[in-house]
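Residues -20 to -1, 1 to 93 in mature numbering (1 follows the signal peptide of the UniProt record, and there is no 0) are what the sequence shown lists, from first letter to last. We put the beta carbon where it would ideally sit given N, CA and C, even for glycine.
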Amino acid sequence: MLQRMFSALIFLCIMHISLSNEQEIVKTIFKDYEQRIRPVINTSTATVISIFPVYLNVLEMNTAEETVKFSMDYKQTWKDDYLQWNPSDFNGVQYIRVPEEMLWTPDTYLEGR
């Protein structure tokens, strides 16, 4: 029983350290972050956006007109110059998750003909 309580206490301490590190990372990298502006240090640098289809659903197919309508979920990736930190400064934390609303996101439009 005592060993289980000790294990739970260690787990909670580790969780607290991890959460504290994540909170510090968020405070640090979002201090002057502006989500309405493309996140590049050099404005002449292109932002390369990669798009990966995740889920494709055919909604309608018309063989006479040779058309198809579909819906698609996709994943986008790009490099944000401002959302970087040195993991050794934050107890080795390399990744965090934040709500999408906090980030700059590209205006992506997919159109096929």
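Just how far apart, CA to CA, sit residue i and residue j?
i	j	result
I21	V34	30 Å
V73	T47	48 Å
E80	M41	34 Å
T8	E91	38 Å
W84	E45	39 Å
I29	Q56	7 Å
Going by DSSP, name the residue or residues bridged to residue i.
i	result
F32	K55
K88	Looking at the sequence shown, residue 88 is not Lys but Thr. Partner(s): none; T88 has no beta bridge.
E40	K49
If you count every other CB in all the chains shown that lies within 10 Å of the CB of residue i, and 16 or more means buried, which is it?
i	result
I5	buried
F(-15)	With a pLDDT of only 40 at F(-15), under 50, the local geometry of the prediction cannot be trusted, and the value read off the model is given with reservation. Exposed, since its Cβ has fewer than 16 Cβ neighbours within 10 Å.
Less than 8 Å between the CB atoms is what I'm expecting for residue i and residue j, so what's the real figure, rounded?
i	j	result
L36	M52	5 Å
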